[in-house]
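Here's the structure we're looking at; comments come further down.
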Amino acid sequence: MKQFFCILSICLFIQHTAFAQTSPDTICILQLNDVYEIGPLNQGKSGGMARVATLVKQHGSRYQTFVVLAGDFVSPSVIGTTKMDGQRVNGLHMVDIMNKTGVNLVTFGNHEFDIPENDLQQRINESDFAWVSSDVLHKNSNGVVLPFYKTKPDSAIIPTFFRLSSVHKQFTIGIITATIQSNRQPWVVYADHLQSIKKAFKLASKQSDIVVGLTHLSLAEDETLLRKLKGLRLVMGGHEHQQNYVTAGRRAIAKADANAKTVYRHLVFRSGKKGRIKIISELINVDTTVLPDPVVADAVKEWENKAYAAFRAIGLEPDAVVYHTKEQLDGTEASVRYKQTNLGNLIAQSMLAASPQADAAVFNSGSIRIDDMIEGVVTQLDIIRTLPFGGKLCEVDVSGDLLLQLLNTGIVLKGQGGYLQLSTNLSLSGTAWLLNGTAIDSSKTYKIVSPEFLFSGAEKGLEFLKEGKPGVKLLKRFDGVGDVRTDIRLAVVKYLAGLEGK
Ligand SMILES: [Zn+2]
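Using our numbering, the letters of the sequence shown correspond one by one to residues 461 to 962.
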């Protein structure tokens with residue numbers, strides 16, 4: 461007990477000194493990045509916007525508090541891909557919860573451009589928070605390139621930098637941004653981000669005492685930014701889903717964990733005789749020690765209940781535990797769209813187990829949308845997060861020629877949704893494709909199991925996969941009640957449950 465109080469008093473002392481270092485005119489920036497799920501993860505143990513709302517309130521009672529989100533929030537998510545009232549949710553739930561949580565400022569991540577242009581416009585209009593972008597522009601149907609803008613309730617252009625003044629007017633923070641150029645859409649124009657951010661920095665620094673970045677870039681790009689812009693004191697970054705803190709002298713790049721498992725707190729204030737601006741950054745765990753805010757928790761529950769009803773209707777029980785994984789299952793886009801991953805193996809093997817007549821399983825990596833690692837306890841919700849669009853499987857008899865064309869084109873599509881994940885009995889030896897160790901014969905017929913979507917001709921680069929096209933001999937669909945092939949997620953759940961039982 462004595463030791464406990466000793467530790468407690470040390471903790472209190474540390475906390476006190478940290479607060480004592482700040483001035484009455486302190487801005488507390490709470491930084492989130494890459495938030496896809498409004499509810500907590502890991503069986504409710506970490507994350508959750510209701511807990512973030514509590515942190516916002518707690519800090520708001522002590523400091524002038526400003527909440528930023530460094531991109532990636534309207535997509536992808538389980539709830540976002542469900543349809544409610546005939547419309548895909550596409551981030552409506554996220555903006556609603558961010559409004560209720562007290563988010564103040566966001567910039568674009570690559571995933572903001574996953575949803576249709578009109579839907580993103582609606583999300584911008586629905587936001588009670590501000591948007592800022594130094595390097596992303598909108599191209600309208602007439603080819604005119606202008607900044608993105610809010611059209612309702614009032615028309616307002618999204619500015620290239622944001623100014624935040626301390627309440628006692630001791631200092632002003634300029635916030636500039638940069639977004640990774642990895643999700644190209646015809647209606648999105650990425651300006652050269654170094655040039656644009658330098659321009660924004662010039663403007664911001666004229667009107668601010670300190671300039672910081674709110675970015676959605678790879679760590680390497682953030683490091684380049686910090687190197688090129690010596691005046692930039694702090695980069696509040698995103699895109700990678702793991703916490704990171706990289707320093708260069710007194711300057712730093714800070715990234716929190718995805719899905720609000722952690723939040724970065726940056727206390728900004730004037731200090732010392734010269735009144736230089738100081739920043740103290742600290743990572744805060746968002747776990748069971750933080751009580752959820754009841755209002756936000758209720759709103760989250762309401763969205764979840766609506767979405768869960770849709771899943772239960774197709775035989776999925778989101779909270780059910782299906783599997784315990786010893787290794788992290790890699791569903792990050794940076795992996796699944798470039799190489800075969802262990803998660804890709806599991807899904808393809810599930811498809812093969814559901815269609816034992818098939819020689820091999822093939823699916824488009826773009827159907828994996830979780831952009832995250834899965835670890836520990838795997839629930840059906842994790843499978844839904846992984847494959848939010850679901851969809852039926854089909855068995856297709858294809859010529860060896862077509863199978864080879866499919867496999868070779870998959871390689872060409874590296875980095876795109878059409879890059880393929882394969883069952884483990886398919887392998888590449890030099891330039892020869894092998895099935896169960898034997899070279900695929902172009903004159904033979906093979907039976908493969910695949911998502912129906914892949915044979916709809918709608919996958920970019922794989923338009924030749926369609927009924928009636930050369931080499932597609934027979935396509936068998938499955939509609940039977942209780943057949944797991946009616947939804948790829950049912951097939952994965954059944955396969956994992958089988959592994960768990962072994
Ligand atoms: Zn991202």
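Glycine included, every Cβ here is placed at the ideal spot set by N, Cα and C.
| Item | Value |
| --- | --- |
| Is ASP842 a contact residue of ligand 1, with contact defined as CB to any heavy atom under 7 Å? | no |
| May I ask you to report which of helix, strand or coil DSSP gives HIS519? | helix |
| According to DSSP, is LYS462 part of a helix, a strand, or is it coil? | Only weak support exists for where LYS462 lies, its pLDDT of 38 falling under 50; the value from the coordinates is given anyway. The answer is helix: DSSP assigns LYS462 an H, G or I state. |
| Indicate the three-state DSSP secondary structure (helix, strand or coil) for GLY961 in the structure shown. | helix |
| According to DSSP, simplified to helix, strand and coil, what is VAL451? | There is simply no residue 451 to check, as the chain begins at 461 and stops at 962 in what is shown. |
| Counting C-beta neighbours from all protein chains within 10 Å, is the total for ALA708 16 or more, i.e. buried, or is it exposed? | exposed |
| Measure the C-alpha to C-alpha separation of ASP779 and ALA767 and round it to an integer number of angstroms. | 12 Å |
| Would you tell me roughly how many angstroms separate the C-alpha atoms of SER665 and ILE739, rounded to the nearest one? | 17 Å |
| Can you have a look at VAL941 and say buried or exposed, based on whether 16 or more other CB atoms are within 10 angstroms of its CB? | exposed |
| Anyone know if the C-beta pair for ASP682 and VAL672 falls short of 8 Å? | no |
| Please state whether the Cβ-Cβ distance between TRP763 and ILE539 is less than 8 Å. | yes |
| Is any heavy atom in ligand 1 found nearer than 7 Å to the beta carbon of ASN451? | This structure does not reach residue 451, given that the chain is present from 461 up to 962, and the question cannot be answered. |
| By the 10 Å Cβ neighbour count, where 16 or more other Cβ atoms means buried, how is GLN757 classified, buried or exposed? | Going by the sequence as given, residue 757 is Ala instead of Gln. ALA757 is buried by the Cβ-count criterion. |
| Does the region 705 to 720 come into contact with the region 654 to 662, if we say contact requires no fewer than three beta-carbon pairs (one atom in each stretch) closer than 8 Å? | no |
| Report the rounded CA-to-CA distance for GLY860 versus GLU927, giving the unit in angstroms. | 16 Å |
| Indicate the three-state DSSP secondary structure (helix, strand or coil) for GLU683 in the structure shown. | helix |
| Let me know if PRO646 comes out buried or exposed under the rule of 16 or more other beta-carbons within 10 Å of its beta-carbon. | exposed |
| Flag this pair as yes or no: are the beta carbons of ILE737 and ILE830 separated by less than 8 Å? | no |
| If you follow the alpha helix (DSSP H) that SER665 is part of, which residue opens it and which one closes it? | 653 to 667 |
| Considering only the alpha carbon of each residue, which of TYR650, LYS933 and LEU882 lies closest to TYR798? | LEU882 |
| In whole angstroms, give me the CA-to-CA distance for LEU663 and ASP595. | 14 Å |
| Less than 8 Å separating the beta-carbons of MET833 and PHE823? | no |
| Can you check the region 712 to 757 for any beta strand (DSSP E) of at least 3 residues that lies completely inside it and give the ranges in chain order? | 722 to 731 and 736 to 745 |
| Pull up the DSSP beta-bridge partners for ALA513, would you. | In the DSSP output, where bridge partners are listed per residue, ALA513 has none listed. |
| Spell out a yes or no on whether the region 929 to 943 and the region 785 to 804 are touching, meaning 3 or more CB-CB pairs, one atom from each, closer than 8 Å. | no |
| What's the C-alpha gap between VAL838 and GLY897? | 32 Å |
| Considering SER626, what are the terminal residues of the beta strand (DSSP E) in which it resides? | That residue, SER626, is in no beta strand (DSSP E); it is neither H nor E in DSSP. |
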